[in-house]
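S.K.: Here the numbering used here is used: position 167 in the sequence shown is 168, and no number is missing along the way.
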Amino acid sequence: MFQPYQQPTPVVRPRTEDDFPACAAALIAVHEVDGYPVEGVADPDAWLRPAGLMNAWVAELAGEVIGHICLTEPTDTDAAAVMFRETVEGAAVDIAVLGRLFVHPEARRHRAGELLTRAAMDHAASAGLRLVLDAMEKDQAAIRLYERLGWRRIGTTDHDSGHGLVPAYCYVSPAP
Ligand SMILES: CC(C)(COP(=O)(O)OP(=O)(O)OC[C@H]1O[C@@H](n2cnc3c(N)ncnc32)[C@H](O)[C@@H]1OP(=O)(O)O)[C@@H](O)C(=O)NCCC(=O)NCCS
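#1: Does at least one heavy atom of ligand 1 sit under 7 Å from the Cβ of H160?
#2: Run the proximity test for A23: is its beta-carbon closer than 7 Å to any non-hydrogen atom belonging to ligand 1?
#3: List the endpoints of the continuous beta strand (DSSP E) containing V167.
#4: If we call anything under 8 Å between Cβ atoms a contact, is I67 one with L102?
#5: Leaving out five residues before and five after D20 in sequence, what residues of the same chain have Cβ atoms less than 7 Å from its Cβ?
#6: Determine which residues share a DSSP beta bridge with M137 and list them.
#7: Rounded to the nearest angstrom, how far is the Cβ of L99 from that of L72, given a contact under 8 Å?
#8: Please list, in chain order, all residues of the same chain as G156 whose beta carbon is under 6 Å from its beta carbon, the five residues on each side excluded.
#9: Which whole-angstrom value is the C-beta distance of L132 and M122, which I expect to be below 8 Å?
#10: Between the segment 44-61 and the segment 159-166, are three or more C-beta pairs nearer than 8 Å?
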């Protein structure tokens, strides 16, 4: 019987230790195509374990780990967190920083990026957290994704690209 072709749907779940090799492989492929992260991928395992790590998730597509996202505690060097805390709204809530979002270039446009971001946003909503992030101007696919999900731009900062300072935009997640 005729079966209409179905796009595979990504599945998002909490990251485990077993996911590191696949996450590292995806990150290296992302860096080659997008130059993300700008600091390079000499030590993917360390980059995937940032200071203040709170939660991390991966996306699987057809059984393969193809994407990643995490939340970290804000520091005084997180421009978006500093900016949001200076607002009346931001001073009244607990904040976490969304970051390390990437999807393998060959697995894009299947909504993995969206579903990863939604998983982090759903967790934040249930934990009573507002999320902040900053995105470099060059990362336009990510910027479109955040804005599609209702994130609000609250300012601009500079990021060290390794070849000088480049603009980055600071965002806050939509109010629950
Ligand atoms: C940003 C990023 C994570 C998005 O990942 P993704 O899995 O492709 O994200 P989505 O599939 O949810 O959305 C991407 C696009 O595909 C589209 N799309 C999703 N499913 C689709 C489908 N079935 N058919 C057609 N288009 C589809 C979305 O509408 C979106 O379109 P747009 O870019 O024109 O707005 C990815 O591009 C990436 O890893 N970029 C490099 C790293 C990076 O910039 N990280 C963030 C730094 S702040």
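Idealized CB from N, CA, C, for every residue including glycine.
M.R.: The answer reads as follows:
#1: For this step, residue 160 is matched to residue 159 along the sequence shown. H160 Cβ: outside cutoff for every heavy atom of ligand 1.
#2: As a first step, residue 23 is located in the sequence shown; it is residue number 22 there, counting from the start. Placement of the Cβ of A23 at a distance of 7 Å or more from every heavy atom of ligand 1 is found.
#3: For the purposes of this step, residue 167 is taken as residue 166 along the sequence shown, with counting starting at 1. Unbroken beta strand (DSSP E) run through V167: 166-173.
#4: The sequence position of residue 67 within the sequence shown is 66, counting from 1. The sequence position of residue 102 within the sequence shown is 101, counting from 1. The answer is no: Cβ separation not under 8 Å.
#5: Numbered from 1 along the sequence shown, position 19 holds the residue referred to as residue 20. In its chain, beyond the 5 residues on either side, V59, V66 have a beta carbon closer than 7 Å to the beta carbon of D20.
#6: Stepping through the sequence shown from its first residue, residue 137 is reached at position 136. In DSSP, M137 forms a bridge with A169.
#7: The residue labelled residue 99 in the question sits at position 98 within the sequence shown. The residue labelled residue 72 in the question sits at position 71 within the sequence shown. With a Cβ gap of about 6 Å, L99 and L72 count as contacting.
#8: Within the sequence shown, residue 156 is the residue found at index 155, counting from 1. Taken in chain order, the residues that qualify are M84, C171.
#9: Position 131 of the sequence shown, counted from the start, is the residue given in the question as residue 132. Position 121 of the sequence shown, counted from the start, is the residue given in the question as residue 122. Rounded, the Cβ-Cβ distance is 7 Å, consistent with contact.
#10: The segment 44-61 makes no contact with the segment 159-166; the number of CB pairs closer than 8 Å stays below 3.
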